[in-house]
Amino acid sequence: MGQQVVILLGPPGAGKGTQAVRLAEAEGVPHISTGDLFRANLGQGTALGERAKGFMNAGKLVPDELVIEMLFDRVGEPDCERGYLLDGFPRTIPQAEALGRALGEHVVLSCVELEVPDEAIVERASGRLICADCGNIQHARFSPPKVAGTCDACGGSLEQREDDRPEVVRERLAVYHEQTAPLSAHYEKQGVLTRVDGERDPDAVFDSVRAALRGAGAQG
Ligand code: AMP
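Right, here's the structure in full:
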């Protein structure tokens, strides 16, 4: 069986991370989030983290060459041999082209786009809480923690992301429309794209995403 690579597309705060965690668990493949990789580098104070920091905190994209190198290092690890799930990559046409060149002939590529309108994005991001310890994502209104400030999954500390402040979210959305939204047409042209209504509750979205992947043959 060839390698199966799944790309989750959609604006920031569309629910890619939430869906990716569940999907990775259900499918037994690693969840690769370039945002998480950058945040881990930031937390560890690496040189890469230092270079990415200013871009991230301003809501801008980190330059392609940095992201691509970091991503290829990660997907070259043995746990990605059978396949992997990409969340937050690619985000530009050059990133998509680099990925396309790197994937072998026998790779089954599927892309699922979570569609969520801009108005809903700002509201979602402003309440989003992320666990500093395990990366679990909750929401002040939509999935409130049982104990304030504490992760339901691991008991770690829930925090707001620096780049989820409203003015940064608006910048991230503008960047999304300008640089990332064109990927939808790019993958549609390749015949590998399914669009899913991301505005419903996470269980309903999950069912649609799995159905989309089954349809695409990405579920052996
Ligand atoms: P995310 O957690 O996916 O929202 O990513 C957080 C931030 O990391 C983004 O706003 C960018 O600054 C940076 N980032 C993550 N993935 C990429 C990517 N594929 N290309 C460029 N920048 C990225």
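Mapping the sequence shown onto the numbering used here, position 52 (from 1) lands on 787, and the numbers just tick up by one.
C-beta atoms are modelled at their ideal positions from N, C-alpha and C, and glycine is treated no differently.
Please read these numbers as outputs of a predicted model, since none were measured by experiment.
> What do you get for His912, buried or exposed, if any count of 16 or more other CB atoms within 10 angstroms of its CB means buried?
Replying inline: By 1-based counting over the sequence shown, the position of residue 912 is 177. Flag for His912 reads exposed.
> What residue does the alpha helix (DSSP H) around Leu796 start on, and which one ends it?
Replying inline: Taking the sequence shown and counting its residues from 1, the one referred to as residue 796 is at position 61. Careful: Leu796 lies outside any alpha helix (DSSP H) and carries neither H nor E.
> In chain order, what residues of the same chain lie with their CB nearer than 8 Å to the CB of Ala755, ignoring the 5 residues before and after it?
Replying inline: The residue you call residue 755 lines up with position 20 of the sequence shown. If we look at Ala755 and ignore the five residues flanking it on each side, its Cβ neighbours are Leu743, His766, Ser768, Leu820 and Asp822.
> Taking just the CA atoms, how far does Phe824 sit from Pro747?
Replying inline: Residue numbering aside, residue 747 sits at position 12 when the sequence shown is read from its first letter. Residue numbering aside, residue 824 sits at position 89 when the sequence shown is read from its first letter. Rounded to whole angstroms, Pro747 to Phe824 spans 12 Å at the Cα level.
> Is any heavy atom in the ligand AMP found nearer than 7 Å to the beta carbon of Met898?
Replying inline: One-based indexing of the sequence shown puts residue 898 at position 163. First, the amino acid is wrong: residue 898 is Asp here, not Met. Under cutoff, so the answer is yes.
> Should Gly926 go down as buried or exposed, given a rule of 16 or more other Cβ atoms within 10 Å for buried?
Replying inline: Here residue 926 refers to the residue found at position 191 of the sequence shown. Classification for Gly926: exposed.
> Do Asp899 and Arg876 have their C-beta atoms closer together than 8 Å?
Replying inline: Indexing the sequence shown from 1 puts residue 899 at position 164. Indexing the sequence shown from 1 puts residue 876 at position 141. The Cβ-Cβ distance between Asp899 and Arg876 does not fall below 8 Å.
> Where does Val956 land, buried or exposed, given buried means 16+ other C-beta within 10 angstroms?
Replying inline: No answer is possible for residue 956: it lies beyond the span of the chain, which begins at 736 and ends at 955.
> In terms of residues, what are the limits of the beta strand (DSSP E) holding Gly818?
Replying inline: Locating residue 818 in the sequence shown gives position 83, where the first residue counts as 1. It spans Gly818 to Asp822 - the beta strand (DSSP E) in which Gly818 sits, taken as one unbroken run.
> Does DSSP put Val810 in a helix, in a strand, or in coil?
Replying inline: Against the sequence shown, residue 810 aligns to sequence position 75. Helix.
> Grouping DSSP H, G and I as helix and E and B as strand, with all else coil, what is Thr712?
Replying inline: The question about residue 712 has no answer, for the chain in this structure spans 736 to 955.
> How many Å lie between Gly750 and Gly835 at the Cα?
Replying inline: Translated into positions along the sequence shown, residue 750 becomes position 15. Translated into positions along the sequence shown, residue 835 becomes position 100. Roughly 24 Å separates the two Cα atoms.
> DSSP three-state call for Gln739: helix, strand or coil?
Replying inline: Position 4 of the sequence shown, counted from the start, is the residue given in the question as residue 739. Strand.
>> Buried or exposed, going by whether 16 or more other CB atoms sit within 10 Å of the CB of Ser892?
In response: Indexing the sequence shown from 1 puts residue 892 at position 157. It counts as exposed.
> Does the ligand AMP have even one heavy atom less than 7 Å from the beta-carbon of Pro747?
Replying inline: The count along the sequence shown starts at 1 and reaches residue 747 at position 12. Remark: the shortest separation between the CB of Pro747 and any heavy atom of the ligand AMP falls under 7 Å.
> With Val931 and Ala920 assumed to form a contact (beta carbons below 8 Å), what rounded beta-carbon distance in angstroms separates them?
Replying inline: Translated into the one-based positions of the sequence shown, residue 931 becomes position 196. Translated into the one-based positions of the sequence shown, residue 920 becomes position 185. Not confirmed; about 17 Å, so no contact.
> Do you know how far the Cα of Arg826 is from the Cα of Ala953?
Replying inline: For the purposes of this step, residue 953 is identified with residue 218 of the sequence shown, where counting begins at 1. For the purposes of this step, residue 826 is identified with residue 91 of the sequence shown, where counting begins at 1. Low confidence applies here, because Ala953 scores a pLDDT of 46, under 50, leaving its location unreliable and the question unanswered by this model.
> Any idea which residues DSSP pairs His874 with across the strands?
Replying inline: In the sequence shown, the residue the question calls residue 874 occupies position 139. For His874, which the question treats as bridged, DSSP gives the partners Arg863 and Ser878.
>> the ligand AMP and Leu796: does the residue's C-beta get closer than 7 Å to at least one heavy atom of that ligand?
In response: On the sequence shown, position 61 is the one that residue 796 refers to. Leu796 Cβ: within cutoff of the ligand AMP.
> Is Arg826 near the ligand AMP, in the sense that its beta carbon is under 7 Å from a heavy atom of that ligand?
Replying inline: Along the sequence shown, read from residue 1 onward, the residue named residue 826 stands at position 91. Arg826 Cβ: within cutoff of the ligand AMP.
>> If we require 3 or more residues per run, which beta strand (DSSP E) segments fall completely within the region 832–856?
In response: 843–850
> Under a three-way DSSP split, which group does Asp887 fall into?
Replying inline: Counting from one through the sequence shown, the residue named residue 887 turns up at place 152. The answer is coil: DSSP assigns Asp887 none of H, G, I, E or B.
>> For Gln738 and Ser878, what's the separation of their Cα atoms in angstroms?
In response: Stepping through the sequence shown from its first residue, residue 738 is reached at position 3. Stepping through the sequence shown from its first residue, residue 878 is reached at position 143. Going by the C-alpha atoms only, they are around 34 Å apart.
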